[in-house]
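S.K.: Residue numbers for the sequence shown follow full-length UniProt numbering, beginning at 1 and rising by one. The C-beta atom is built at its ideal place from N, Cα and C for all residues, glycine as well. Computed from a predicted structure; not experimentally measured. The structure's right below; bear with me while I get my questions together.
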Amino acid sequence: MRRCAAANLRLRSLQCRRLSSRSSTSPAVVFLVAGEASGDVIGGRLMRALRNEYGGAIHFEGVGGDSMRAEGLASSLFPMSELSVAGFAEVLPSLPRIAARLVQTQRAVRRAQPHVVVGIDSKGFNLRLLRSLAHRRAAAGRNGIPAAPVLVQYVGPSAWAFGDADARAARLRGGVDELLVLLPFEEALFRRAGVPATFVGHPALDDVAIGGEPPGTAAERAAEAAAFRREVGLSPCAQVLCLLPGSRAQEVRAMLPLLLRGAERLVERRRRGEALSSRWAGPIELVVPAAPGMRGEVDRIVLETLAARGTAGGGARCSVVGSGSRRAAFGAADVAIAACGTPLVAATRRVGRGLAERRCGPQAPSTSSSRRRGCRRWPSTRPAG
Numbered sequence: 001m002r003r004c005a006a007a008n009l010r011l012r013s014l015q016c017r018r019l020s021s022r023s024s025t026s027p028a029v030v031f032l033v034a035g036e037a038s039g040d041v042i043g044g045r046l047m048r049a050l051r052n053e054y055g056g057a058i059h060f061e062g063v064g065g066d067s068m069r070a071e072g073l074a075s076s077l078f079p080m081s082e083l084s085v086a087g088f089a090e091v092l093p094s095l096p097r098i099a100a101r102l103v104q105t106q107r108a109v110r111r112a113q114p115h116v117v118v119g120i121d122s123k124g125f126n127l128r129l130l131r132s133l134a135h136r137r138a139a140a141g142r143n144g145i146p147a148a149p150v151l152v153q154y155v156g157p158s159a160w161a162f163g164d165a166d167a168r169a170a171r172l173r174g175g176v177d178e179l180l181v182l183l184p185f186e187e188a189l190f191r192r193a194g195v196p197a198t199f200v201g202h203p204a205l206d207d208v209a210i211g212g213e214p215p216g217t218a219a220e221r222a223a224e225a226a227a228f229r230r231e232v233g234l235s236p237c238a239q240v241l242c243l244l245p246g247s248r249a250q251e252v253r254a255m256l257p258l259l260l261r262g263a264e265r266l267v268e269r270r271r272r273g274e275a276l277s278s279r280w281a282g283p284i285e286l287v288v289p290a291a292p293g294m295r296g297e298v299d300r301i302v303l304e305t306l307a308a309r310g311t312a313g314g315g316a317r318c319s320v321v322g323s324g325s326r327r328a329a330f331g332a333a334d335v336a337i338a339a340c341g342t343p344l345v346a347a348t349r350r351v352g353r354g355l356a357e358r359r360c361g362p363q364a365p366s367t368s369s370s371r372r373r374g375c376r377r378w379p380s381t382r383p384a385g
């Protein structure tokens, strides 16, 4: 909530441009668009922060999932999962449907006449939506129609990950009124390119205190971990390996079988009596927190992958838990393996930047040759001091 409260403060200042054009008795209208599970969580937390500020004087419309509906989104314009596509093979056949959804969303915004439109992640869809609304607003202004709404993108594109970072950042100029970014160095990058940007912090760190430890005392964290182990039925002496394959369907389908096969190799080595480390003396048990709406798919992948290796009955014991148990699973785990993304941000903050740099080493040069090898040294996300 701390990060979303910061975003709320920025949205509130932007809303002041539009409140004067509405009746003081009418609610503030915010139109939000999230296209994947992580964006839905961000949207839900932002909506909660806005409701805490405005109470009943705010109305939400748009596209979202369970988290956003729980915070006041009456219904989603269309299923959020339709925007959660990635990769050439999946995007290409989906283009006609996505184009139709873009037109549908544009029309819904015109009907709702919101104070603010917030695109949450899903940059491929949301930046096109916001740019089209910006063009329409500019045309309306030339015809003497009051300008509306304020256009905000929450989570910017990873322009910094490429050699032409400044040019990529500049593409957003004129398409958004405000860009809310998650990493501190992104604010300067986008502002240098002429894009109004504000650093609001990464929402994944709301569960991790500034000092690098999760909230609560050590005793409380130990009690939470013990309760999770009992609830899931994990052996008290087991070494728990938590697998975090991502939240998008295509990420889970691509990454989870790889993570399971790698984990199964560790289980086999332990069964043969190999000492993996001084800490790994007991049996290994696996835990996979499923993203919202992905529980059935995760169950299927776990069963098929372990069965294909002939280990479903006597190999790695794997427990699939709901998304609400992810923090508890992470806290109860001895080791976590995460796909790059939100889980890695939280893990890096908790155990140190060396985790993020392990692939390339701390002195990996940011050169074209290192990028060809898949290595890129991230800018530091740690606070000064």
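Enumerate in chain order the residues of its own chain whose CB-to-CB distance from G361 is below 7 Å, with the five nearest sequence positions on each side excluded.
M.R.: Looking up residue 361 in the sequence shown gives position 361. With a pLDDT of only 36 at G361, under the threshold of 50, the placement of this residue in the model should not be trusted; the figure read from the coordinates follows. So the list is empty, once near-sequence residues are dropped.
S.K.: Would the region 38-46 count as touching the region 67-76 if we require 3 or more Cβ pairs under 8 Å?
M.R.: yes
S.K.: Relative to the C-alpha of V150, which residue among F199, D166, L129 is closest?
M.R.: Here residue 150 refers to the residue found at position 150 of the sequence shown. For V150, the nearest C-alpha among the options comes from L129.
S.K.: I need the straight-line Cα distance from R111 to V155, nearest angstrom please.
M.R.: Taking the first residue of the sequence shown as position 1, residue 111 is located at position 111. Taking the first residue of the sequence shown as position 1, residue 155 is located at position 155. Rounded to whole angstroms, R111 to V155 spans 26 Å at the Cα level.
S.K.: Going by DSSP, which residues form a beta bridge with Q153?
M.R.: Within the sequence shown, residue 153 is the residue found at index 153, counting from 1. Note: Q153 sits in a beta bridge opposite G119, L179.
S.K.: Quick one: measure Cβ to Cβ for R270 and P283, integer angstroms, because I've assumed they're closer than 8 Å.
M.R.: What you label residue 270 is simply residue 270 of the sequence shown in a count that begins at 1. What you label residue 283 is simply residue 283 of the sequence shown in a count that begins at 1. That belief holds up - the Cβ atoms of R270 and P283 are roughly 7 Å apart, short of 8 Å.
S.K.: Compute the Euclidean distance between the alpha carbons of A165 and E187, then round it to the nearest angstrom.
M.R.: Within the sequence shown, residue 165 is the residue found at index 165, counting from 1. Within the sequence shown, residue 187 is the residue found at index 187, counting from 1. The alpha-carbon atoms of A165 and E187 are separated by roughly 13 Å.
S.K.: Mind checking which residues open and close the beta strand (DSSP E) that includes Q239?
M.R.: One-based indexing of the sequence shown puts residue 239 at position 239. Note, Q239: beta strand (DSSP E), 239-244.
S.K.: Please classify P245 as buried or exposed, where buried requires at least 16 neighbouring CB atoms within 10 angstroms.
M.R.: For this step, residue 245 is matched to residue 245 along the sequence shown. Burial call: buried.
S.K.: Which residue from A193, V302, L182 puts its Cα closest to that of F199?
M.R.: Reading the sequence shown from its first residue, position 199 is the one you call residue 199. F199 has its Cα closest to that of L182, out of A193, V302, L182.
S.K.: Look at the alpha carbon of C318 and the alpha carbon of V287, and state the distance between them as a whole number of angstroms.
M.R.: Along the sequence shown, one-based indexing puts residue 318 at 318. Along the sequence shown, one-based indexing puts residue 287 at 287. In a straight line, the C-alpha of C318 is about 6 Å away from that of V287.
S.K.: Taking contact to mean at least 3 C-beta pairs separated by less than 8 Å, is the region 131-139 in contact with the region 42-58?
M.R.: no
S.K.: Give me the Cα-Cα distance between V195 and V152, rounded to the nearest whole angstrom.
M.R.: Walking along the sequence shown from the start, residue 195 turns up at place 195. Walking along the sequence shown from the start, residue 152 turns up at place 152. About 11 Å.
S.K.: Looking at the structure shown, is A74 part of a helix, part of a strand, or coil, going by DSSP?
M.R.: One-based indexing of the sequence shown puts residue 74 at position 74. Three-state DSSP puts A74 in coil, outside helix and strand.
S.K.: Have a look at E36, G55, L102, V117 and flag the residue whose alpha-carbon is nearest the alpha-carbon of E61.
M.R.: By one-based count along the sequence shown, residue 61 stands at place 61. Considering only alpha carbons, the answer is V117.
S.K.: Cα separation between L256 and A219?
M.R.: Stepping through the sequence shown from its first residue, residue 256 is reached at position 256. Stepping through the sequence shown from its first residue, residue 219 is reached at position 219. Distance between the alpha carbons of L256 and A219: 32 Å.
S.K.: Measuring CB to CB, does A332 end up less than 7 Å from A225?
M.R.: By one-based count along the sequence shown, residue 332 stands at place 332. By one-based count along the sequence shown, residue 225 stands at place 225. Closer than 7 Å, so yes.
S.K.: Given V33, which residues of its chain have a CB within under 6 Å of its CB, disregarding the five upstream and five downstream residues?
M.R.: Translated into the one-based positions of the sequence shown, residue 33 becomes position 33. So the qualifying residues of the chain are G62, V63, G119, N126.
S.K.: Does H202 come out as helix, strand or coil in the three-state DSSP assignment?
M.R.: One-based indexing of the sequence shown puts residue 202 at position 202. It is coil, neither helix nor strand.
S.K.: Taking only three categories from DSSP, how would you classify P236?
M.R.: For the purposes of this step, residue 236 is taken as residue 236 along the sequence shown, with counting starting at 1. P236 falls in the coil class under three-state DSSP.
S.K.: Restricting to Cα atoms, I'd like to know which of E178, P79, V103, R326 is closest to G35.
M.R.: Translated into positions along the sequence shown, residue 35 becomes position 35. Nearest option by C-alpha distance: P79.
S.K.: Taking just the CA atoms, how far does L73 sit from I58?
M.R.: Locating residue 58 in the sequence shown gives position 58, counting from the first residue. Locating residue 73 in the sequence shown gives position 73, counting from the first residue. Roughly 11 Å separates the two Cα atoms.
S.K.: Can you grab the Cα-Cα spacing for the pair F190 / V176, in whole Å?
M.R.: Within the sequence shown, residue 190 is the residue found at index 190, counting from 1. Within the sequence shown, residue 176 is the residue found at index 176, counting from 1. Whole-angstrom Cα-Cα distance: 12 Å.
S.K.: Below 7 Å between beta carbons: does that hold for A238 and E285?
M.R.: In the sequence shown, counting from the first residue as 1, residue 238 sits at position 238. In the sequence shown, counting from the first residue as 1, residue 285 sits at position 285. In contact: A238 and E285 (Cβ atoms closer than 7 Å).
S.K.: Within 10 Å of its beta-carbon, does E304 have 16 or more other beta-carbons around it, so buried, or fewer, so exposed?
M.R.: For the purposes of this step, residue 304 is taken as residue 304 along the sequence shown, with counting starting at 1. With fewer than 16 other Cβ atoms within 10 Å, it is exposed.
S.K.: Once you ignore the five residues that flank L83 on each side, which residues in its own chain have a CB closer than 6 Å to its CB?
M.R.: What you label residue 83 is simply residue 83 of the sequence shown in a count that begins at 1. Contacts found: G35, S122, F125.
S.K.: Return no unless some Cβ of chain C is closer than 7 Å to the Cβ of A148.
M.R.: As a matter of chain content, chain C is missing from the structure shown, which is built from one protein chain.
S.K.: In whole angstroms, what separates the C-alpha of P184 from that of A159?
M.R.: As a first step, residue 184 must be located in the sequence shown, where it is residue number 184. As a first step, residue 159 must be located in the sequence shown, where it is residue number 159. For the pair P184 and A159, the Cα-to-Cα distance works out to about 14 Å.
S.K.: Look up P289 in the DSSP assignment and say whether it is helix, strand or coil.
M.R.: For this step, residue 289 is matched to residue 289 along the sequence shown. Three-state result, P289: strand.
S.K.: Within 10 angstroms of the Cβ of E264, are there 16 or more other Cβ atoms? Answer buried if so, exposed if not.
M.R.: Your numbering for residue 264 matches position 264 in the sequence shown. Answer is buried; the Cβ neighbour count reaches 16.
S.K.: From the DSSP output, which residues share a beta bridge with E61?
M.R.: Position 61 of the sequence shown, counted from the start, is the residue given in the question as residue 61. BP columns for E61 point to F31.
S.K.: What is the C-beta distance between L266 and L243, in whole angstroms, given that I count them as a contact (C-beta under 8 Å)?
M.R.: Start at 1 with the first residue of the sequence shown, and residue 266 comes out as number 266. Start at 1 with the first residue of the sequence shown, and residue 243 comes out as number 243. Not really, about 11 Å apart at Cβ, beyond 8 Å.
S.K.: For V240 and V320, I'd like the C-alpha separation in whole angstroms.
M.R.: Position 240 of the sequence shown, counted from the start, is the residue given in the question as residue 240. Position 320 of the sequence shown, counted from the start, is the residue given in the question as residue 320. Spanning the two alpha carbons is a distance of roughly 13 Å.
S.K.: At the level of alpha carbons, what is the spacing between V29 and E178?
M.R.: The sequence position of residue 29 within the sequence shown is 29, counting from 1. The sequence position of residue 178 within the sequence shown is 178, counting from 1. When rounded, the distance between both Cα atoms is 17 Å.
S.K.: How should S235 be labelled, buried or exposed, when 16 other C-beta atoms within 10 angstroms of its C-beta is the threshold for buried?
M.R.: As a position in the sequence shown, residue 235 is number 235, starting the count at 1. S235 should be labelled exposed.
S.K.: Using a threshold of 7 Å, state whether the C-beta atoms of S325 and A291 are closer than that.
M.R.: What you label residue 325 is simply residue 325 of the sequence shown in a count that begins at 1. What you label residue 291 is simply residue 291 of the sequence shown in a count that begins at 1. No, these two residues do not count as a Cβ contact at 7 Å.
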